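Undergrad: Pasting a structure here, questions to come.
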Ligand code: MN
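Residue numbers (my numbering): 4 to 730.
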């Protein structure tokens with residue numbers, strides 16, 4: 004099984020290098036390798052690296068990496084010589100003379116790529132990609148040598164300035180990681196990703212490293228235990244296989260944390276197991292054995308054998324509940340598949356020594372070059388290249404040229420949350436490449452995106468259906484939960500006011516003598532707001548709350564019914580408050596119900612008018628009639644699609660006064676009657692009158708006169724009701 008270690012090697016010498024090459028390629032041209040070794044050593048002599056070591060340690064390590072990938076002799080020699088043109092004034096002609104033209108071409112390709120100045124500006128980056136693709140299209144080995152070069156530079160990045168560390172790591176993440184991924188060289192890709200994380204987000208990297216190390220013993224025990232069970236089962240079915248387990252790479256754990264918006268401790272599946280068998284039939288047989296020995300997790304099985312990934316990766320993936328009900332991922336593949344998974348395109352050169360094979364190209368590069376000819380815009384090319392390189396993500400630029408990687412299909416809303424939670428929460432739309440787009444617009448790689456915000460904007464439930472990234476989802480949910488809590492606190496305060504009044508006391512006077520603090524303590528709520536929220540959400544009924552009142556407040560008798568009424572009334576208030584949502588806005592913006600809009604004063608549209616919406620800076624969305632002549636010229640070109648919400652009903656607040664026989668439970672039965680025909684109650688006041696009559700004033704919301712009549716009729720039909728009128 005392959006787990007290539009690319010660590011910086013100091014002890015390797017010429018004999019060791021040759022020994023390793025012969026190890027997998029007995030026909031290798033030793034003489035040429037020895038010549039290249041001494042040639043590079045001579046030309047770099049006197050040069051030092053930032054670490055203080057002789058410069059030659061660098062090309063030697065690059066060559067060593069190429070040996071680990073089992074590349075051909077030309078590539079290894081090119082690795083040894085890759086910096087002599089740039090740093091030692093050796094001409095390509097000289098290399099061709101001393102070695103051969105293939106080697107010279109690879110070295111020239113590497114030198115060209117190293118001269119590309121990578122910047123984060125959109126156009127430049129597109130140009131970078133074009134050059135990279137052109138360089139590697141001539142000979143794929145150029146890019147493999149270049150990856151080995153970058154690998155060693157990343158491995159020794161701690162010796163350069165912090166500024167350079169960040170710059171190089173970002174460049175690696177933006178350009179080399181997608182390339183390694185597209186070429187299927189996963190061993191290089193995951194190692195580069197971990198190194199990028201280490202230098203770009205050191206706090207996160209070292210915290211992860213610490214967390215992973217902390218439970219090392221426990222995990223190793225767990226891996227051993229799981230492997231034993233797997234092995235036992237495989238032997239039982241007489242399947243010969245090699246099984247191994249290890250923690251996933253830091254970067255893939257980090258990506259999971261980001262995608263789900265959670266912390267390390269909440270990530271369950273940090274272990275990956277791999278079973279290597281001899282042929283495809285055994286892969287499926289092994290899968291069957293594992294699925295019948297453990298509980299498979301539905302929806303997590305992927306068959307990359309039947310449908311290989313675009314980079315030729317093949318394997319079966321499944322997720323099961325392992326011992327102690329832990330979720331573990333198991334990959335099942337053959338030896339060949341494993342080799343391709345680790346070394347990707349590099350596997351092409353194994354056993355394929357010879358000048359002609361070295362020119363192997365992948366079909367997609369041809370297509371890309373063909374396509375290149377018909378594309379004018381750099382951004383468009385980059386979209387194609389980037390999407391092709393890494394199907395997983397899109398690359399988006401801020402107006403300042405910063406680059407962000409987001410999930411494929413991500414919207415401006417995802418981008419807004421990727422920048423900052425507050426920007427996400429107040430996002431009303433975006434300008435993509437200078438053009439206004441709605442929130443649900445799907446972004447493409449290379450898009451330059453400016454987020455438009457408004458102080459009055461608030462996240463809504465609809466947003467959860469728009470966003471694609473876990474981060475945005477969890478931030479929206481967080482906000483919605485907070486709103487729910489705020490509402491509960493408000494309702495809780497109201498209920499307490501009502502309940503305490505029954506006992507002739509109040510929050511204020513209880514607070515004065517310190518009793519309120521005691522009540523909160525007795526309720527085992529952590530804070531005063533927690534206490535209100537618990538009352539508001541119905542976790543504590545008002546009956547329970549008064550239990551906590553000090554003794555001298557409990558004198559009042561026959562209060563049970565009053566408390567019952569408070570409880571049931573508060574429930575109906577809370578219910579109608581929660582029900583409020585979809586139908587509350589008159590205008591639907593871009594298919595969403597919950598976007599706050601402002602009617603333009605100039606034309607004051609009323610339902611039924613043809614309307615247009617414009618995004619205004621800082622003031623959200625303004626609605627004009629289509630025929631309005633006073634639309635600000637600066638608003639033009641910032642239009643969003645708007646429509647009248649057919650479900651929306653304009654509500655007018657109305658007070659009604661009800662007189663009843665003074666019977667217990669009247670408040671409840673009237674509230675129920677009103678709620679039963681779908682009318683919202685804004686507030687209610689009840690009082691007892693001297694002649695054994697009850698008087699109530701309800702503030703309700705109705706759409707019009709006929710609805711008001713309907714409510715009045717409904718209340719009048721109650722047995723104890725004496726009169727109902729508009730107050
Ligand atoms: Mn180099």
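Just so you know, even glycine gets a beta-carbon here, dropped at the ideal spot from N, CA and C.
It should be emphasised that the depicted structure is a prediction, and the values quoted were computed from it without experimental measurement.
(1) Taking Cβ positions, are residue 478 and residue 427 nearer each other than 7 Å?
(2) Spell out a yes or no on whether the region 202-212 and the region 226-245 are touching, meaning 3 or more CB-CB pairs, one atom from each, closer than 8 Å.
(3) Identify every residue that forms a DSSP beta bridge with residue 662.
(4) Going by beta-carbon coordinates alone, are residue 84 and residue 39 separated by less than 7 Å?
(5) Return the bridge partner residues of residue 217 from the DSSP annotation.
(6) By how many angstroms is the C-alpha of residue 99 removed from the C-alpha of residue 107?
(7) Starting from the C-beta of residue 13, find all residues in its chain whose C-beta is less than 6 Å away, skip the five residues before and the five after it, and write them out in chain order.
(8) Would you report the Cα separation of residue 66 and residue 256, rounded to the nearest angstrom?
(9) Kindly examine the ligand MN and report whether one of its heavy atoms sits closer than 6 Å to the Cβ of residue 341.
(10) Helix, strand or coil for residue 719? Go by DSSP, reduced to three states.
(11) Would you kindly report the start and end of the unbroken alpha helix (DSSP H) that includes residue 45?
(12) Closer than 6 Å: is that where the CB of residue 86 sits relative to any heavy atom of the ligand MN?
(13) By how many angstroms is the C-alpha of residue 430 removed from the C-alpha of residue 493?
(14) Going by C-alpha distance, which of 248, 434 and 214 is nearest residue 227?
(15) Quick one, are the C-beta atoms of residue 545 and residue 502 less than 7 Å apart?
(16) DSSP three-state call for residue 605: helix, strand or coil?
(17) What three-state label does DSSP hand residue 188 in the structure shown?
(18) Would the region 172-181 count as touching the region 45-54 if we require 3 or more Cβ pairs under 8 Å?
(19) Is the closest heavy atom of the ligand MN to the C-beta of residue 532 under 6 Å?
(20) Express the C-alpha separation of residue 347 and residue 340 in angstroms, rounding to a whole number.
(21) With a Cβ-Cβ cutoff of 7 Å, do residue 440 and residue 399 count as a contact?
(22) Measuring CA to CA, which of 457, 536, 456 and 455 is closest to residue 486?
(23) Could you tell me which of 164, 46 and 626 sits nearest to residue 94, measuring between CA atoms?
(24) Do the region 514-533 and the region 296-308 touch if we need at least three Cβ pairs shorter than 8 Å?
(25) With respect to the alpha helix (DSSP H) encompassing residue 260, which residues constitute its N-terminal and C-terminal limits?
(26) Restricting to Cα atoms, I'd like to know which of 454, 491, 443 and 666 is closest to residue 644.
(27) What number of angstroms, rounded off, separates the C-alpha of residue 586 from the C-alpha of residue 648?
(28) Compute the distance between the beta-carbons of residue 151 and residue 110, then report whether it is under 7 Å.
(29) Chain B beta carbons: is any one of them nearer than 7 Å to that of residue 265?
(30) Kindly indicate the opening and closing residues of the alpha helix (DSSP H) around residue 503.
(31) Kindly give me the distance between the Cβ atoms of residue 316 and residue 292, rounded to whole angstroms, as I take these residues to be in contact under 8 Å.
(32) To the nearest angstrom, report how far apart residue 74 and residue 286 are at their CA atoms.
(33) Can you find at least 3 beta carbon pairs, one from the region 317-327 and one from the region 254-269, that sit closer than 8 Å?
(34) So what's residue 19 in DSSP terms, helix, strand or just coil?
(35) So residue 474 and residue 411 are in contact, right, with Cβ under 8 Å, and what is the actual spacing, rounded?
TA: By the coordinates alone:
(1) As a working note, residue 478 is residue 475 in the chain shown. As a working note, residue 427 is residue 424 in the chain shown. Between residue 478 and residue 427, the gap from beta carbon to beta carbon is short of 7 Å.
(2) Touching, no.
(3) For the purposes of this step, residue 662 is taken as residue 659 along the chain shown, with counting starting at 1. In the DSSP output, where bridge partners are listed per residue, residue 662 has 698 and 726.
(4) Here residue 84 refers to the residue found at position 81 of the chain shown. Here residue 39 refers to the residue found at position 36 of the chain shown. With a cutoff of 7 Å on beta-carbon distance, residue 84 and residue 39 are scored as near each other.
(5) Residue 217 sits at position 214 when you count from the first residue of the chain shown. Here residue 217 is not bridged, per DSSP, to any residue.
(6) One-based indexing of the chain shown puts residue 107 at position 104. One-based indexing of the chain shown puts residue 99 at position 96. Each residue's Cα considered, the two are about 5 Å apart.
(7) Numbered from its first residue, the chain shown carries residue 13 at position 10. For residue 13, same chain residues with a beta-carbon under 6 Å away, outside a window of 5 residues either side, do not exist.
(8) Residue mapping note: residue 66 aligns to position 63 of the chain shown, counting from 1. Residue mapping note: residue 256 aligns to position 253 of the chain shown, counting from 1. Here the alpha carbons of residue 256 and residue 66 stand approximately 30 Å from one another.
(9) Reading the chain shown from its first residue, position 338 is the one you call residue 341. Between the ligand MN and the CB of residue 341, the shortest heavy atom gap is not smaller than 6 Å.
(10) Here residue 719 refers to the residue found at position 716 when the chain shown is read from its first residue. Looking at residue 719 - three-state DSSP - the assignment turns out to be helix.
(11) Within the chain shown, residue 45 is the residue found at index 42, counting from 1. 33-47 is the span of the alpha helix (DSSP H), which, as asked, contains residue 45.
(12) In the chain shown, the residue the question calls residue 86 occupies position 83. Yes; taking the cut-off as 6 Å, the Cβ of residue 86 has a heavy atom of the ligand MN nearer than that.
(13) On the chain shown, residue 493 is found 490 positions in, with the first residue counted as 1. On the chain shown, residue 430 is found 427 positions in, with the first residue counted as 1. C-alpha separation (whole angstroms): 27 Å.
(14) Taking the first residue of the chain shown as 1, we reach residue 227 at position 224. Nearest C-alpha to residue 227: 248.
(15) Indexing the chain shown from 1 puts residue 545 at position 542. Indexing the chain shown from 1 puts residue 502 at position 499. Going by C-beta atoms, residue 545 is nearer than 7 Å to residue 502.
(16) Counted from its first residue, the chain shown places residue 605 at position 602. Here residue 605 sits in coil by DSSP.
(17) Sequence index remark: in the chain shown, residue 188 carries index 185 (1-based). Of the three classes helix, strand and coil, the one that applies to residue 188 here is coil, per DSSP.
(18) With the cut-off at 8 Å, the region 172-181 and the region 45-54 do not touch.
(19) If you number the chain shown from 1, residue 532 lands on position 529. Residue 532 has its CB no nearer than 6 Å to any heavy atom of the ligand MN.
(20) By one-based count along the chain shown, residue 340 stands at place 337. By one-based count along the chain shown, residue 347 stands at place 344. Annotation: residue 340 to residue 347 spans about 9 Å, alpha carbon to alpha carbon.
(21) Taking the first residue of the chain shown as position 1, residue 440 is located at position 437. Taking the first residue of the chain shown as position 1, residue 399 is located at position 396. Contact flag unset, no.
(22) Here the question's residue 486 lines up with position 483 in the chain shown. Answer by Cα proximity: 536.
(23) Mapped onto the chain shown, residue 94 falls at position 91. The residue from 164, 46 and 626 with its alpha-carbon nearest to that of residue 94 is 46.
(24) Touching, no.
(25) The sequence position of residue 260 within the chain shown is 257, counting from 1. Per DSSP, the unbroken alpha helix (DSSP H) holding residue 260 starts and ends at 253-263.
(26) Position 641 of the chain shown, counted from the first residue, corresponds to residue 644. Checked all of 454, 491, 443 and 666; the closest Cα to residue 644 is 443.
(27) Position 583 of the chain shown, counting from 1, holds the residue named residue 586. Position 645 of the chain shown, counting from 1, holds the residue named residue 648. Its pLDDT being 48, under 50, residue 586 is placed unreliably by the model, and the measurement read from it follows with that caveat. Cα-Cα distance, rounded: 8 Å.
(28) Taking the chain shown and counting its residues from 1, the one referred to as residue 151 is at position 148. Taking the chain shown and counting its residues from 1, the one referred to as residue 110 is at position 107. Cβ distance not < 7 Å, so residue 151 and residue 110 don't count as in contact.
(29) The structure shown contains no chain B, having only a single protein chain.
(30) Reading the chain shown from its first residue, position 500 is the one you call residue 503. For residue 503, the enclosing alpha helix (DSSP H) stretches over residues 473-505.
(31) Working through the chain shown from its first residue, we reach residue 316 at position 313. Working through the chain shown from its first residue, we reach residue 292 at position 289. The Cβ separation is near 23 Å, so there is no contact.
(32) For this step, residue 74 is matched to residue 71 along the chain shown. For this step, residue 286 is matched to residue 283 along the chain shown. Rounded to whole angstroms, residue 74 and residue 286 show a C-alpha spacing of 28 Å.
(33) Touching, no, given that fewer than three Cβ pairs across the two stretches are closer than 8 Å.
(34) For the purposes of this step, residue 19 is identified with residue 16 of the chain shown, where counting begins at 1. Helix, per DSSP.
(35) As a working note, residue 474 is residue 471 in the chain shown. As a working note, residue 411 is residue 408 in the chain shown. About 15 Å separates the beta carbon of residue 474 from that of residue 411, a gap too long to meet the 8 Å contact definition.
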